[in-house]
Every structure is written in structure tokens, then in C-alpha cells.
Amino acid sequence: MSLPSLARITAPPDPILGLTELFGSDPRPGKVNLSSGVFVDATGKTPVLDVVVEAERRLAAEAGTKLYRPIDGEPAFRKLVRGLVLGDDHEAVTSGRALATQTPGGTGGLRVAADLLRQTGSGTTLWMSEPTWPNHPQLFHAAGFRIRPYPYTDATGRRIDEAAMFAALDHASPGDVVLLHGACHNPTGVDPSPAQWRRIGDLVEERRLLPLVDLAYQGFGDGLREDAAGLLELVRPGAELLVSTSYSKTFSLYAERVGAMLVVARSAADAGAVQTHVKAAVRTNYSNPPAHGADVVRTILADAELRARWEVELAAMRTRIKDNRAALVEALEARSIPGDWTGIATQRGMFALLGLTTHQVARLRDAHAVYVVGHGRINVAGFTPANLDPFADALAAVIAD
Ligand code: LMR
4 MSLPSLARIT
14 APPDPILGLT
24 ELFGSDPRPG
34 KVNLSSGVFV
44 DATGKTPVLD
54 VVVEAERRLA
64 AEAGTKLYRP
74 IDGEPAFRKL
84 VRGLVLGDDH
94 EAVTSGRALA
104 TQTPGGTGGL
114 RVAADLLRQT
124 GSGTTLWMSE
134 PTWPNHPQLF
144 HAAGFRIRPY
154 PYTDATGRRI
164 DEAAMFAALD
174 HASPGDVVLL
184 HGACHNPTGV
194 DPSPAQWRRI
204 GDLVEERRLL
214 PLVDLAYQGF
224 GDGLREDAAG
234 LLELVRPGAE
244 LLVSTSYSKT
254 FSLYAERVGA
264 MLVVARSAAD
274 AGAVQTHVKA
284 AVRTNYSNPP
294 AHGADVVRTI
304 LADAELRARW
314 EVELAAMRTR
324 IKDNRAALVE
334 ALEARSIPGD
344 WTGIATQRGM
354 FALLGLTTHQ
364 VARLRDAHAV
374 YVVGHGRINV
384 AGFTPANLDP
394 FADALAAVIA
404 D
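So the sequence shown is numbered by our numbering: it starts at 4 and just counts up by one.
Written out as C-alpha cells, the structure reads:
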């Protein structure tokens with residue numbers, strides 16, 4: 004006997020990807036998967052973007068190598084994604100106090116940020132919105148953080164409860180980490196207004212907290228620059244900030260595991276020192292990042308024509324999600340399902356939270372083969388003309404039960 008006894012007790016399935024596994028083994032025809040946040044087109048497929056196909060064609064034509072990449076990633080990629088988030092002419096970039104690290108997806112970026120903080124003895128308490136992405140608490144708990152929740156939306160679930168959120172964060176101590184969703188809040192789709200972002204920036208500054216922004220959907224809300232505007236409110240002179248970004252969704256590169264972790268330090272000298280710790284965190288975890296996805300993103304962002312084509316495809320995905328939101332509200336209202344659903348149409352990003360009970364979520368799955376995450380989080384980008392009505396019928400039935 005060598006494994007600890009706990010290792011022989013089954014662990015609970017992942018709250019999101021566990022459902023995808025369950026869905027895969029469900030034999031029922033007409034099953035509907037709205038659990039994991041993946042974009043599908045009207046036929047239900049997750050396409051490879053045309054611009055990705057072109058970038059891969061160009062990469063294949065180059066004399067390639069499968070040599071290890073630098074611990075913190077390809078320099079050109081790191082520079083390009085830093086510009087994508089902060090803007091190339093931002094003071095944090097031109098001063099050299101912002102540095103990016105290539106990571107395996109946004110989850111990898113969050114874990115690198117967590118390890119950086121723990122390994123350098125920074126804050127051990129991390130505040131996160133309630134609700135949040137279910138992987139946030141488990142990831143930061145695994146990294147050794149004490150988790151404290153701050154309330155996010157009010158009872159309607161459609162607006163930020165500013166008073167409750169700021170009252171909770173007033174209890175944060177200097178050095179505590181505050182996790183924020185840069186845009187397209189997961190799971191609610193409710194984002195702070197520009198004034199609320201300013202207030203968050205003021206609070207973080209006054210209480211000397213460290214913001215960590217999860218930016219997994221830049222461009223899925225209102226646009227590339229628009230979706231970065233909130234976090235830019237936090238980039239104040241001399242202020243520090245961490246950002247984790249993902250290119251899974253916005254480049255439709257889910258399987259390639261490509262993302263980045265940005266540190267905005269107090270000064271260029273500080274940034275250089277912090278980067279040595281980032282590299283230590285990476286080296287003791289996965290050593291150095293996978294290359295292909297980052298090569299694709301770099302090829303696209305470095306070429307004006309490919310970049311313009313990507314922005315067109317990104318805008319098309321954004322528009323389709325907005326159209327799905329409107330179609331969903333129409334379908335729910337057409338069935339007179341009790342509740343005020345109108346807010347869903349104006350929320351941002353891939354997700355909406357329907358506020359269902361555990362029983363209702365289970366009934367959707369067991370009786371109707373409809374898979375949604377806890378509390379009724381649905382992937383709005385997963386609707387197609389074929390599954391919208393079956394979903395709305397199933398929801399009407401479980402709510403009427
Ligand atoms: C989601 O929230 O469904 C996505 O971010 C996918 C994931 O890794 O959970």
C-alpha cells in the first residue's frame with residue numbers, strides 16, 4: 004500500500020468538464036450540451052477559424068523545429084499579446100513595466116499567477132465573486148490560497164449589487180488578492196460599468212490590494228479595446244496588476260492550450276525581477292509552454308492582413324452570440340416561462356445564469372437530456388436552430404414541475 008487512502012476514494016467530477024464527459028456517454032438522441040463554454044456555429048460545429056487555417060498553412064511552409072521554447076514563451080508572442088491587452092502605446096508597455104508570459108491556456112495563466120504569488124510570499128487571501136467560474140475556487144484552493152467571496156449580482160441576478168460588493172471588499176486587508184473578470188463575467192454575463200471599474204480601481208488603490216484579472220473572452224463582449232477598458236482602469240501609475248488571458252475562445256484554439264499571464268509591475272526594474280520568479284514558477288510546473296497554438300496566434304497578430312481577417316471572424320462570433328441571446332429571450336417569453344429574462348439579451352459573453360435549483364438542473368439532464376452547469380449556467384454560444392426550442396421546452400417543463 005503506497006497511495007494515501009484518500010487517493011482511493013473517488014474524487015467528485017469537475018463541475019464543467021465532468022458534464023462534458025457525462026454528455027459524451029449519454030446515448031439519448033437529441034441530447035443538448037450547454038455546459039462547457041465553447042462556441043458553435045449554426046450547425047452545431049466548433050469551427051477552426053479560416054484565419055487559423057491560413058496561419059497553419061504558413062507555419063507548415065516554414066522550416067520548423069520542435070525545440071523547447073523559452074520558459075516564459077516566444078518573445079514575439081509575448082510582445083503581441085501584451086499589446087492586445089494593454090495597447091502598444093500604453094504607459095505600462097512603453098515604460099517596460101508590463102511583461103507577458105506564454106501559458107498553456109487561461110487556466111495555465113491563472114495557475115502561474117497563483118504559484119508566483121505563493122512562491123514569493125505575497126497575499127495568501129484571495130477574494131472572488133460569488134458566483135464565479137467553478138474552476139476558480141478549486142484552482143486557487145489547490146494553489147494554497149484562503150478564499151473569501153464577495154457578493155456580485157443582486158437578487159435579480161441581472162445587475163451588480165454594488166453596495167454589497169464594496170461592503171465585502173472593505174474587509175480586505177492590504178496585500179490581499181482580488182480576482183476580477185475583465186469582461187463577459189462567467190457565469191452571470193454581468194460586467195461592471197465604466198464608473199464601477201473606476202470605483203474598483205479606487206478601492207484597490209486605497210486598500211493596497213492586488214488585482215488579478217481573468218480575461219478569457221476579450222472581444223466576445225463589445226470589442227477588443229472595449230473589453231480591455233475595465234482592467235485599464237486598474238493600471239494606474241506605479242500600481243501593480245496581474246492578468247490572465249486565454250485564446251481558446253477568441254481564436255477558437257481550445258485544444259491548443261494557448262494563453263498568457265501579464266504582470267504590470269511598479270517599474271521596469273521590478274518587472275524584470277518578477278519575471279525571474281514567473282520563470283521559476285513555470286519551470287517547476289510544466290517546464291516550458293507548448294508551441295503550436297502560440298505560433299498560430301503570433302502569426303495572425305503579427306500580420307496586418309491576417310489580424311484584420313481575425314477581427315472580422317471574431318466580430319462574427321460576437322454577433323452570433325448576441326443573436327443567440329435575443330433568440331433565447333424570445334423563446335423563453337413565447338412559452339411564458341415565469342421570470343424576467345429580458346436582461347439576458349443585453350448581457351455579455353458566452354454565459355447566462357438562469358438561477359435554477361439543483362433539482363431543476365438534474366431534471367433537465369435526467370428527464371430531458373439537457374446539460375447545464377450548476378444554478379443553470381448555460382453556454383449561450385451553444386444554441387443552434389436545432390436545439391433552442393427543445394431547450395426552451397425542457398426549461399418550461401422543469402420550471403412548471
Ligand atoms: C467554461 O467556463 O465552460 C470554459 O471556461 C471552459 C472551462 O474550462 O471550464
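Beta carbons are placed, not taken as given, at the ideal position from N, Cα and C, and that holds for glycine.
How long is the line joining the alpha carbons of residue i and residue j, rounded to whole angstroms?
i	j	result
G346	G233	21 Å
G192	G160	10 Å
G342	P197	28 Å
A116	R312	32 Å
S247	G76	14 Å
V315	E308	11 Å
S339	Y374	22 Å
L129	L182	7 Å
L391	T360	21 Å
R201	E165	12 Å
L237	A186	14 Å
L70	L89	30 Å
I150	A329	36 Å
L102	P393	47 Å
V364	R60	43 Å
A400	R368	12 Å
V216	H184	6 Å
G124	P292	24 Å
P214	R31	45 Å
F26	H378	18 Å
H371	A397	6 Å
N327	A384	7 Å
A158	E133	12 Å
A348	V300	30 Å
I303	A219	18 Å
L120	G33	46 Å
F148	S176	14 Å
R162	P195	9 Å
H280	V261	21 Å
K282	I402	50 Å
A167	E209	18 Å
G111	F80	16 Å
I203	L113	20 Å
R269	L9	43 Å
L142	P240	30 Å
I12	E24	19 Å
V267	L245	6 Å
V207	D179	10 Å
For residue i, is the classification buried or exposed, using 16 other Cβ atoms within 10 angstroms of its Cβ as the cut-off for buried?
i	result
K48	exposed
D173	exposed
D230	buried
H139	buried
D404	exposed
D298	buried
V56	exposed
E406	Residue 406 is absent from the structure shown; the chain starts at 4 and stops at 404.
D118	buried
E243	buried
T127	exposed
A258	exposed
A355	buried
S251	buried
H188	buried
A389	exposed
S255	buried
R380	buried
S249	buried
A58	buried
Against chain D, does residue i count as a neighbour if the rule is that its beta carbon must be under 8 Å from one of theirs?
i	result
D91	Looking at the structure shown, chain D is missing, and only one protein chain is on hand.
*Give me every residue whose Cβ sits closer than 5 Å to any heavy atom of the ligand LMR, in chain order.*
I19, S39 and G40
*Okay, do the region 84–100 and the region 325–336 touch, 3+ Cβ pairs below 8 Å being the bar?*
no
*Kindly confirm or deny that the region 259–275 and the region 94–110 touch, where touching means at least three C-beta pairs closer than 8 Å.*
yes
*Every unbroken beta strand (DSSP E) inside the region 30–114 [3 residues or more]*: 101–106
*Jot down the residue ranges of each uninterrupted alpha helix (DSSP H) in the region 147–173, minimum 4 residues, whole runs only, in chain order.*
165–172
_If contact is defined by three or more beta carbon pairs under 8 Å, each pair taking one atom from either stretch, is the region 11–31 in contact with the region 216–226?_
no
_Inter-stretch contact (C-beta, 8 Å, three-pair minimum) for the region 30–45 and the region 286–293_ = no
_So within the region 339–374, which uninterrupted alpha helix (DSSP H) runs reach at least 4 residues, ignoring any that extend past its ends?_
361–371
*asked:* As an exercise, report each continuous beta strand (DSSP E) stretch of at least 3 residues that is fully enclosed by the region 194–254, in chain order.
replied: 213–218 and 244–249
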